[in-house]
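K.L.:
Following this note's numbering, the numbering of the sequence shown begins with 30 at its first residue and continues without gaps. The C-beta atom is built at its ideal place from N, Cα and C for all residues, glycine as well. Have a look at the structure that comes next, please.
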Amino acid sequence: MTTLTPVLSRNWDRPDSFTLAAYRETGGYQALRKALTMEPDAIVELVKSSGLRGRGGAGFPTGMKWGFLPKDNPNPRYLVVNADESEPGTCKDIPLLLANPHALVEGIAIASYAIRSNTAFVYVRGEVLHVIRRLRHAVAEAYEAGLLGRDVLGSGFDLDVVVHAGAGAYICGEETALLDSLEGYRGQPRLKPPFPAVAGLYASPTVVNNVESIASVPSIVANGAEWFTSMGTEKSAGFGFFSLSGHVTRPGQYEAPLGVTLRELLDMAGGIRAGHELKFWTPGGSSTPIFTADHLDTPLDFESVGAAGSMLGTRALQIFDETTCVVRAVGRWISFYAHESCGKCTPCREGNYWMVQVLERLEDGRGTEADLDRLLDICDNLLGRSFCALGDGATSPVTSSIKYFRQEYLDHLEHGGCPFDHAKSTVWGGGR
């Protein structure tokens with residue numbers, strides 16, 4: 030039985046967990062002191078050897094990304110932290126920033142020192158004003174304590190950190206759209222190459238990392254690479270937040286080693302809500318192909334989930350029981366993607382719009398069986414043909430739901446509408 034590994038969440042039960050004093054009581058900023066005595070390249074190699082992979086969805090090795098910065102570029106280097114958490118079901122970075130913002134601030138300081146950057150930005154989605162205020166307060170505390178600013182801890186290293194509020198566009202979670210937004214332009218993805226490591230923010234070498242990725246760095250510096258690799262699997266090392274939501278008894282953040290299974294997580298969370306059974310779930314948020322009860326024992330690591338036909342993504346486990354209409358759920362997800370498409374490329378702009386129309390027609394019982402093939406055809410024109418991963422991700426719930434629940438789509442046609450009582454899938458409907 031896999032057990033939880035509370036590292037980033039170990040102090041979340043303290044009412045003052047977000048303060049500098051509370052963070053320091055449990056060893057906070059000791060990793061920064063240690064890092065400042067090391068050579069920057071040694072920290073990069075340490076993160077490489079730890080096997081830390083990006084926690085924002087793609088799973089790219091963090092240390093390798095740091096190592097891509099060109100050594101002969103005279104421009105300043107920048108660290109940009111992506112805190113634009115917006116995908117349906119994804120809810121790990123916001124609670125982390127609320128409960129333990131100094132883990133991120135310390136991680137920023139260490140990462141900036143490692144890549145020789147003197148300016149770092151945190152791009153937070155604008156709707157979460159309470160998070161922005163708390164993070165800015167943590168940054169102010171760090172400045173006052175000499176942990177940021179000029180001559181950090183007397184090391185001669187200077188670092189400024191800017192907390193930037195976005196305007197709430199999901200597309201700005203894509204790293205190059207984020208950079209455009211940070212520069213004051215409309216958030217739209219850039220053509221790559223050049224990649225941000227070569228020409229990112231202000232056309233300078235830039236590292237863009239997720240909140241959880243950077244917040245994991247201090248514990249690696251403090252405890253070593255072997256400590257980190259002792260958790261997780263050989264190729265998916267370490268721990269991470271698994272966000273359980275939906276029809277589960279105790280939804281929330283479960284910090285566990287990569288490779289844990291949904292069955293184990295559900296045992297910790299009290300199982301599916303009383304009187305019901307698992308129907309389908311997302312292993313990594315709404316942009317990943319859905320799984321069914323047959324995948325309960327699939328190890329939740331990058332390789333195993335990929336081999337089973339989906340993606341680990343942000344480990345946003347949305348749990349749905351048998352009261353949920355899969356057609357309705359997929360329709361809501363695609364409505365989100367249609368709304369959030371930046372419109373730069375035709376496949377995504379038009380494809381998501383047309384999928385919304387077809388799914389609404391199917392849910393209302395006004396479609397035909399040929400509409401299922403039409404949806405798959407639209408997905409075929411979207412996947413791999415859109416400008417960024419938004420279009421690719423939007424195809425995932427559609428193709429996977431037709432694969433596993435084709436008959437349910439047909440039932441809508443035979444029934445002349447949705448055969449489900451939508452109130453039963455709600456909390457207030459009681460599920461009875």
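Could you check what DSSP says for Trp-310 in three-state terms: helix, strand or coil?
P.N.:
strand
K.L.:
Using CA atoms only, rank isn't needed, just tell me which of Ala-206, Asp-350, Phe-47 is closest to Glu-306.
P.N.:
Asp-350
K.L.:
Can you tell me the Cα-Cα spacing of Gly-267 and Gly-261, whole angstroms?
P.N.:
5 Å
K.L.:
Measuring alpha carbon to alpha carbon, tell me which of Lys-308, Thr-258, Val-277, Gly-300 ends up nearest Pro-286.
P.N.:
Thr-258
K.L.:
Taking Cβ to Cβ, would you say Thr-119 is nearer than 7 Å to Gly-314?
P.N.:
yes
K.L.:
In its own chain, which residues sit with a C-beta less than 8 Å from the C-beta of Glu-156, not counting the 5 before and 5 after it?
P.N.:
Excluding positions up to five away in sequence, the list reads Gly-197.
K.L.:
Should Pro-312 and Val-334 be called a contact, given that it needs their Cβ atoms to be closer than 7 Å?
P.N.:
Between Pro-312 and Val-334, the gap from beta carbon to beta carbon is short of 7 Å.
K.L.:
Looking at the unbroken alpha helix (DSSP H) that takes in His-444, where does it start and where does it end?
P.N.:
Its alpha helix (DSSP H) spans residues 418 to 444.
K.L.:
If we ignore side chains and look at the alpha-carbon of each, how far apart do Asp-421 and Leu-346 end up?
P.N.:
If I take the Cα positions, the gap works out to 19 Å.
K.L.:
Should Ala-358 be labelled buried (16 or more other beta-carbon atoms within 10 Å of its own) or exposed?
P.N.:
buried
K.L.:
What would DSSP say about Tyr-214, mapped onto helix, strand or coil?
P.N.:
Looking at Tyr-214 - three-state DSSP - the assignment turns out to be coil, as it is neither helix nor strand.
K.L.:
With distances taken from CA atoms, which of Gly-216, Ile-200, Ser-141, Val-134 is nearest Ala-174?
P.N.:
Val-134
K.L.:
For Val-190, report the span of its beta strand (DSSP E) as first-last.
P.N.:
189 to 194
K.L.:
Quick one: complete alpha helix (DSSP H) runs, 4+ long, within the stretch 247 to 315?
P.N.:
254 to 258, 291 to 297
K.L.:
What are the boundary residues of the beta strand (DSSP E) that Ile-348 is part of?
P.N.:
345 to 350 is the span of the beta strand (DSSP E), which, as asked, contains Ile-348.
K.L.:
Under a Cβ-count criterion, where at least 16 other Cβ atoms within 10 Å of its own Cβ denotes burial, should His-441 be classed as buried or exposed?
P.N.:
buried
K.L.:
Quick one: what's got a C-beta closer than 8 Å to Phe-449's C-beta in the same chain, skipping five residues either side?
P.N.:
Thr-352, Thr-353, Cys-354, Arg-357
K.L.:
What is the DSSP secondary structure of Thr-148, reduced to helix, strand or coil?
P.N.:
strand
K.L.:
Does the count of Cβ pairs from the stretch 95 to 105 and the stretch 281 to 296 closer than 8 Å reach three?
P.N.:
no
K.L.:
Per DSSP, what kind of secondary structure is Phe-365 in: helix, strand or coil?
P.N.:
helix
K.L.:
DSSP three-state label for Thr-321, please.
P.N.:
For Thr-321, the secondary structure class from DSSP, reduced to helix, strand or coil, is strand.
K.L.:
Taking 8 Å as the cut-off, does the stretch 78 to 97 touch the stretch 228 to 246 (at least 3 CB pairs, one atom from each stretch)?
P.N.:
Taking a cut-off of 8 Å on C-beta distances, the stretch 228 to 246 touches the stretch 78 to 97, as three or more cross pairs fall below it.
K.L.:
By the 10 Å Cβ neighbour count, where 16 or more other Cβ atoms means buried, how is Thr-278 classified, buried or exposed?
P.N.:
exposed
K.L.:
Go to Tyr-107, then tell me how far its beta strand (DSSP E) extends in each direction, as first and last residue.
P.N.:
107 to 112
K.L.:
Determine whether the beta carbon atoms of Asp-400 and Val-387 lie at a separation below 7 Å.
P.N.:
yes
K.L.:
Just curious, the alpha helix (DSSP H) that Asn-19 is in, first and last residue?
P.N.:
Because the chain is modelled from 30 through 461, residue 19 falls outside the range shown and cannot be assessed.
K.L.:
Answer yes or no: do Arg-163 and Ser-115 have a C-beta to C-beta separation smaller than 7 Å?
P.N.:
no
K.L.:
Quick one: any contact between the stretch 144 to 152 and the stretch 180 to 193, if contact means 3 or more CB pairs under 8 Å?
P.N.:
They touch, by the three-pair rule.
K.L.:
What does Pro-90 pair with, by DSSP beta-bridge criteria?
P.N.:
As computed with DSSP, Pro-90 is found in a beta bridge with Arg-82.
K.L.:
Which residues in the same chain have their Cβ closer than 7 Å to the Cβ of Phe-434, if we skip the five residues on either side of it in sequence?
P.N.:
Val-355
K.L.:
Please classify Glu-204: is it buried, with 16 or more other beta-carbons within 10 angstroms of its beta-carbon, or exposed?
P.N.:
buried
K.L.:
Is it a yes or a no for the stretch 222 to 233 touching the stretch 69 to 80, going by three-plus beta-carbon pairs under 8 Å?
P.N.:
no
K.L.:
Counting only the same chain and skipping the five closest in sequence on each side, list residues whose C-beta sits under 7 Å from that of Thr-91.
P.N.:
Val-76, Leu-81, Arg-82, Gly-83, Asn-238, Ser-242
K.L.:
Can you tell me whether DSSP reads Thr-205 as helix, strand or coil?
P.N.:
helix
K.L.:
Can you tell me whether Gln-217 is buried or exposed, with buried defined as 16 or more other CB within 10 angstroms of its CB?
P.N.:
Buried, since its Cβ has 16 or more Cβ neighbours within 10 Å.
K.L.:
Can you tell which of Cys-371, Ser-146, Arg-361 has the C-alpha that lies nearest to the C-alpha of Pro-105?
P.N.:
Nearest Cα to Pro-105 within the set Cys-371, Ser-146, Arg-361: Ser-146.
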